[in-house]
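Taking it in order: structure first as structure tokens, then the write-up.
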Amino acid sequence: KYSHRLNYALRGGALVHENGLTLGQPFGETVALIKAPGAAGVGVNSQTGVRTDWRGYTVVPYASPYRKNILTLDTTTMPDDVDLELATQTVVPTRGAVVRANYATSVGNRVLMTVRQENGQPLPFGAMVSVPGAASSEQAFIVGDGGQVYLTGLESNGVLNVKWGSGAQERCQIHYALPSAKELTGIIVAQAQCR
């Protein structure tokens, strides 16, 4: 007469890996671990209910062994401050394996910057813009017509190095502070001078 009963049931999978613990739907025999650092809440195409966690990790619970598994992140669910180098990875796991799909992400502001030299001329077409201290292959951007350059992964303010030749007069630095207003696309439009 005075008893109460409370039951809970949880169903899912937990995968412990070198970067921590990732929870997901119940696993099959073969799974794929997706790693997209900083890309929180991103869905995986053709995988109902599979989304990355707050760190950018998720598990695709049923992968086909010995076959190409094409894993595509749903870029329409991507946060505004995250860009992907490639949205699709192909993995071929063995039976019973946990295979990793690594996605190169760039986290930070996306900026379309028009840059002028001290003499008022736009930066030369093809000039290379880089973030000091970053690996050059990961954070190098090419200047287009009229001194415009599309940059990703930028902090709100900082310094950029520019180089378009080997001479001392063919390099300069941009000290920038980004405006807070973004376009509807999530891209900040900015002007800067290279000194």
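Our numbering numbers the first residue of the sequence shown as 7 and each following residue consecutively.
Glycine included, C-beta positions come from ideal geometry on N, C-alpha and C.
Worksheet entry | Alpha carbon of valine 98 to alpha carbon of glutamine 179, nearest angstrom | Counting from 1 along the sequence shown, the entry for residue 98 is found at position 92. Counting from 1 along the sequence shown, the entry for residue 179 is found at position 173. Cα to Cα, the separation comes out at about 45 Å.
Practice prompt. Report all residues from its chain with a CB closer than 8 Å to the CB of alanine 187; omit the five preceding and five following residues, and keep chain order.
Written response: Working through the sequence shown from its first residue, we reach residue 187 at position 181. Result list for alanine 187: Ile194, in chain order.
Discussion item. Whether or not the stretch 36-47 and the stretch 61-79 are in contact is what I'm after, with contact meaning three or more pairs of Cβ atoms, one per stretch, closer than 8 Å; do they touch?
Written reply: Judged by Cβ distances under 8 Å, the stretch 61-79 makes contact with the stretch 36-47, as three or more pairs qualify.
Item to complete: Inspect the CB distances between the stretch 103-111 and the stretch 165-183 and report whether three or more fall short of 8 Å.
Response: Touching, no.
Worksheet item: Can you tell which of Gly153, Lys74, Val66 has the C-alpha that lies nearest to the C-alpha of valine 37?
Response: Locating residue 37 in the sequence shown gives position 31, where the first residue counts as 1. Cα-wise, what sits closest to valine 37 is Val66.
Worksheet item: Can you give, in chain order, each stretch of the beta strand (DSSP E) that sits fully within the stretch 136-193 and has at least 3 residues?
Response: If only complete runs of 3 or more residues are kept, the stretch 136-193 shows the beta strand (DSSP E) at 146-148, 154-160, 163-169, 177-183, in order along the chain.
Worksheet item: By how many angstroms is the C-alpha of glutamine 123 removed from the C-alpha of arginine 116?
Response: Residue mapping note: residue 116 aligns to position 110 of the sequence shown, counting from 1. Residue mapping note: residue 123 aligns to position 117 of the sequence shown, counting from 1. If I take the Cα positions, the gap works out to 22 Å.
Worksheet item: Alpha carbon to alpha carbon, what distance is there between tyrosine 72 and valine 121?
Response: Sequence index remark: in the sequence shown, residue 121 carries index 115 (1-based). Sequence index remark: in the sequence shown, residue 72 carries index 66 (1-based). In a straight line, the C-alpha of valine 121 is about 50 Å away from that of tyrosine 72.
Worksheet item: Can you check whether the CB of glycine 55 is closer than 8 Å to the CB of phenylalanine 33?
Response: Numbered from 1 along the sequence shown, position 27 holds the residue referred to as residue 33. Numbered from 1 along the sequence shown, position 49 holds the residue referred to as residue 55. Not closer than 8 Å, so no.
Worksheet item: DSSP puts threonine 78 in a beta bridge; with which residues?
Response: Within the sequence shown, the letter at position 72 stands for residue 78. Threonine 78 is bridged to Thr94.
Item to complete: Classify threonine 83 as helix, strand or coil using the three-state DSSP reduction.
Response: Within the sequence shown, residue 83 is the residue found at index 77, counting from 1. In this structure, threonine 83 counts as helix in the three-state DSSP scheme.
Practice prompt. Can you have a look at glycine 26 and say buried or exposed, based on whether 16 or more other CB atoms are within 10 angstroms of its CB?
Written response: In the sequence shown, counting from the first residue as 1, residue 26 sits at position 20. Classification for glycine 26: exposed.
Worksheet item: If valine 165 and proline 130 are in contact, beta carbons under 8 Å, what's the gap, nearest whole angstrom?
Response: As a position in the sequence shown, residue 165 is number 159, starting the count at 1. As a position in the sequence shown, residue 130 is number 124, starting the count at 1. Not a contact, Cβ separation roughly 20 Å.
Fill in: Residue from Arg177, Ser112, Thr81 whose Cα sits closest to the Cα of glutamate 161
Taking the first residue of the sequence shown as 1, we reach residue 161 at position 155. The option with the nearest alpha carbon to glutamate 161 is Ser112.
Worksheet entry | Reduced DSSP secondary structure (H/G/I, E/B, other) of alanine 20 | Within the sequence shown, residue 20 is the residue found at index 14, counting from 1. Strand.
Discussion item. Let me check one thing: in DSSP terms, what residues is alanine 196 bridge-paired to?
Written reply: Within the sequence shown, residue 196 is the residue found at index 190, counting from 1. Alanine 196 is bridged by DSSP to Met119.
Worksheet item: Going by the CB atoms, is the gap between threonine 58 and threonine 78 shorter than 8 Å?
Response: Within the sequence shown, residue 78 is the residue found at index 72, counting from 1. Within the sequence shown, residue 58 is the residue found at index 52, counting from 1. Their beta carbons are not under 8 Å apart, which means threonine 78 does not touch threonine 58 by this criterion.
Worksheet item: What residue range is occupied by the uninterrupted beta strand (DSSP E) comprising threonine 58?
Response: Indexing the sequence shown from 1 puts residue 58 at position 52. No beta strand (DSSP E) contains threonine 58, which DSSP labels as neither H nor E.
Worksheet item: Nearest CA to the CA of threonine 96: which residue from Leu39, Ala15, Gln199?
Response: The count along the sequence shown starts at 1 and reaches residue 96 at position 90. If we check each option's Cα against that of threonine 96, Leu39 comes out closest.
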